[in-house]
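K.L.:
Note that the UniProt record's numbering has the sequence shown beginning at 1, numbered continuously upward.
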Amino acid sequence: MDLLQSSYEDESPDSSPIRMLPSKSAAPKVDDTMLALTVAGEAARAQSKPLDPTQHIVGFNPTYEQLWAPICGPAHPYAKDGLAQGLRNHKLGFVEDASIEPFVFDEQYNTFQKYGYAVDPSENSYIGDLEKMKECDAISVYNIPQHEQKKRKLEKKKEKMEEEEGDEQDVDMTEVENPSTDTWLMKNRKSPWAGKKEGLQVELSEEQKKYAEEYAKKKGEERGGDKDKAEPMVEKSTFHGKEEKDYQGRSWIAPPKDAKAANDHCYIPKRLVHTWSGHTKGVSAIRFFPKHGHLILSAGMDTKVKIWDVYNSGKCMRTYMGHTKAVRDIWFSNDGSKFLTAGYDKYIKYWDTETGQVIQTFTTGKIPYVVRLNPDEDKQNVLLAGMSDKKIVQWDINSGQITQEYDQHLGAVNTITFVDNNRRFVTSSDDKSLRVWEYGIPVVIKYISEPHMHSMPSISPHPNGNWIAAQSLDNQILIYSTRERFQLNKKKRFAGHIVAGYACQVNFSPDGRFVFSGDGEGRCWFWDWKSCKVFRTLKCHDGVCIGAEWHPLEQSKVATCGWDGLIKYW
């Protein structure tokens with residue numbers, strides 16, 4: 001110890017410094033050169049590798065070169081060109097879409113083949129023979145100028161004529177006359193577009209001449225007939241009564257003074273009172289004289305309209321003849337002094353009831369199926385007609401001009417019914433729908449069409465104005481509300497009769513207690529309004545009972561008309 005101590009003490013400041021031993025670590029030594037190279041290589045590869053065309057998300061910002069690099073993939077061990085099957089869209093590999101139209105390509109290709117120059121689409125310049133391009137003014141094969149086209153046509157024509165002249169010189173005349181040779185065929189051939197073939201004119205036999213004359217005559221008559229149809233028939237009217245005015249100077253259409261309703265309670269008729277027969281064909285509609293019912297108007301399929309006395313003699317008072325075909329519909333004005341008729345001859349006529357004169361004639365060239373006057377007293381000059389061309393046409397009777405057209409239906413219009421104090425009207429059509437219109441405005445305010453609905457060829461308003469009854473062609477009568485919503489009343493449904501295929505009229509008794517309708521088998525059906533039960537049926541006609549009207553004053557009297565040509569009063 002002493003020796004050690006003496007040795008430390010002997011050390012002078014000039015002696016060498018103390019050497020420090022290097023530190024040791026238990027962790028193994030790692031060479032990070034390879035790690036740095038790997039990271040750098042991945043970054044470089046990410047920047048240079050092409051994008052996979054099937055991926056939807058790119059996790060880095062690719063360069064322009066990467067985005068526009070050609071599609072490539074790993075070399076396939078069994079593919080000749082090294083392309084995987086999924087990347088090829090052609091038998092020779094992958095073909096990229098080119099943004100050039102086939103027509104444009106063909107134009108340039110053919111131009112290059114013919115003239116030796118074409119447009120280079122990548123640089124928008126010309127390639128090929130530029131001198132030829134200047135000479136031809138850079139035209140393509142498809143846009144040859146007009147003068148060039150004419151020139152070519154003339155040249156071709158000239159060449160053809162020269163060829164024909166040359167052929168004619170070489171042709172042997174014996175060959176031309178022989179139909180078995182090709183020369184004869186070439187000379188006598190005709191183009192299919194050379195016009196009509198010249199047929200030999202043969203003399204007609206007596207029988208043929210006679211037939212031709214008859215045929216020409218028939219055709220002439222038909223054409224003449226068409227002209228007649230286009231012009232309205234000359235209107236005539238015949239009075240059948242004793243005198244047009246009585247001893248006091250009153251007109252024959254004047255209502256009797258004592259005609260008043262006995263009471264408001266209506267009863268179902270039980271027996272036949274009177275039959276009016278005068279129409280030679282079926283009767284399509286009947287209308288009682290408004291408010292009094294002392295006369296009844298009938299429209300016949302024999303083209304005539306007749307008016308009959310109800311109270312006294314029960315005879316025909318006047319016949320109105322102005323249509324050339326069956327009369328479809330009739331309608332009185334509010335005071336009964338005038339009425340409308342609509343015929344299948346496409347004319348609507350406005351008659352004076354008393355004198356039988358036609359005041360005005362209307363037509364659109366289409367068949368009117370229904371005619372109505374606006375019920376308001378101040379609008380008695382407004383006529384509405386439902387036509388076969390799906391329109392409802394509104395005329396001003398005074399001027400004869402069409403003032404409005406309601407054009408929304410998809411089929412012929414069958415009925416027009418005014419509701420809601422005549423501010424609106426409901427129309428039905430062959431398109432199986434109901435449409436509600438504001439009067440004067442050609443826009444539908446309510447459209448009713450359900451899959452189960454059928455066509456409704458007759459509609460009648462209830463006396464209280466709150467409901468309308470619609471004759472549906474599936475053999476039932478449906479009730480709709482005339483309030484704001486025009487809903488179907490599902491609790492009220494009247495059935496039992498057979499009307500499918502016939503426009504049988506439905507109606508109400510004046511007190512609203514009974515609903516009644518004709519049917520296809522000649523019966524008239526009466527239902528109770530409250531219970532919807534069948535009250536009574538009357539066998540009225542042999543054919544179809546098409547119309548039924550309750551007398552406005554007599555509580556238990558009903559008139560019916562049918563296709564047997566009779567009008568019956570019950």
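By construction, the Cβ of each residue, glycine as well, lies at the ideal position given by its N, Cα and C atoms.
With a cut-off of 8 angstroms on the beta carbons, I'd call asparagine 381 and alanine 503 a contact; round off their distance for me.
P.N.:
Between alanine 503 and asparagine 381 the Cβ distance is about 28 angstroms, and since that is not below 8 angstroms, they are no contact.
K.L.:
Compute the distance between the beta-carbons of glutamine 408 and valine 444, then report whether it is under 7 angstroms.
P.N.:
yes
K.L.:
Which one or two residues does DSSP pair with leucine 404 in a beta bridge?
P.N.:
It is glutamine, not leucine, that sits at residue 404 in the sequence shown. DSSP output for glutamine 404 lists Gln394 as bridge partner(s).
K.L.:
Mapping the DSSP letters down to three states, classify glutamine 66 as helix, strand or coil.
P.N.:
Helix, per DSSP.
K.L.:
Does DSSP classify lysine 158 as helix, strand or coil?
P.N.:
helix
K.L.:
Please list the terminal residues of the continuous alpha helix (DSSP H) segment that includes threonine 319.
P.N.:
Run containing threonine 319: none in the alpha helix (DSSP H); it sits in the beta strand (DSSP E), 316-321.
K.L.:
In three-state DSSP terms, what is lysine 245?
P.N.:
strand
K.L.:
Kindly list the residues whose CB is nearer than 8 angstroms to the CB of alanine 212, restricted to its own chain and excluding five residues on each side of it in sequence; keep chain order.
P.N.:
Leu204
K.L.:
Please report the distance separating the alpha-carbon of glutamine 487 from that of serine 472.
P.N.:
16 angstroms
K.L.:
Just the Cα atoms here: how many angstroms apart are lysine 490 and tyrosine 480?
P.N.:
So the alpha carbons of these two residues sit roughly 9 angstroms apart.
K.L.:
Write down every uninterrupted run of the beta strand (DSSP E) in the region 448-522 whose length is 3 residues or greater and which is fully enclosed by it, in chain order.
P.N.:
458-461, 467-472, 476-481, 488-495, 506-508, 514-518
K.L.:
Going by DSSP, what residues sit across from proline 368 in a beta bridge?
P.N.:
Met387
K.L.:
Is it buried or exposed, threonine 482, if we count other Cβ atoms within 10 angstroms and call 16 or more buried?
P.N.:
buried
K.L.:
Determine the DSSP secondary structure at asparagine 110, reduced to helix, strand or coil.
P.N.:
helix
K.L.:
For leucine 553, name the three-state secondary structure that DSSP assigns.
P.N.:
Leucine 553 falls in the coil class under three-state DSSP.
K.L.:
Measuring CA to CA, which of Val558, Asp564, Asn61 is closest to histidine 274?
P.N.:
Among Val558, Asp564, Asn61, the Cα nearest to that of histidine 274 is on Val558.
K.L.:
For phenylalanine 112, which residues in the same chain have their Cβ closer than 7 angstroms to its Cβ, ignoring the five residues on either side in sequence?
P.N.:
Ala118, Gly128
K.L.:
Going by alpha carbons, who is nearest to asparagine 398 out of Asp376, Asn422, Gln146, Thr361?
P.N.:
Thr361
K.L.:
Quick one, are the C-beta atoms of glycine 565 and valine 544 less than 7 angstroms apart?
P.N.:
With respect to valine 544, glycine 565 sits apart: the two C-beta atoms are not nearer than 7 angstroms.
K.L.:
Look up alanine 230 in the DSSP assignment and say whether it is helix, strand or coil.
P.N.:
With a pLDDT of only 44 at alanine 230, under 50, the local geometry of the prediction cannot be trusted, and the value read off the model is given with reservation. Here alanine 230 sits in helix by DSSP.
K.L.:
Would you report the Cα separation of aspartate 376 and serine 337, rounded to the nearest angstrom?
P.N.:
15 angstroms
K.L.:
Residues in the same chain with beta-carbon distance under 7 angstroms from asparagine 178, minus the five sequence neighbours each way, listed in chain order, please.
P.N.:
Trp184
K.L.:
Please tell me whether glycine 440 and serine 429 are closer than 7 angstroms, where the distance is taken between their beta carbons.
P.N.:
In this structure, serine 429 does not lie closer than 7 angstroms to glycine 440 by Cβ.
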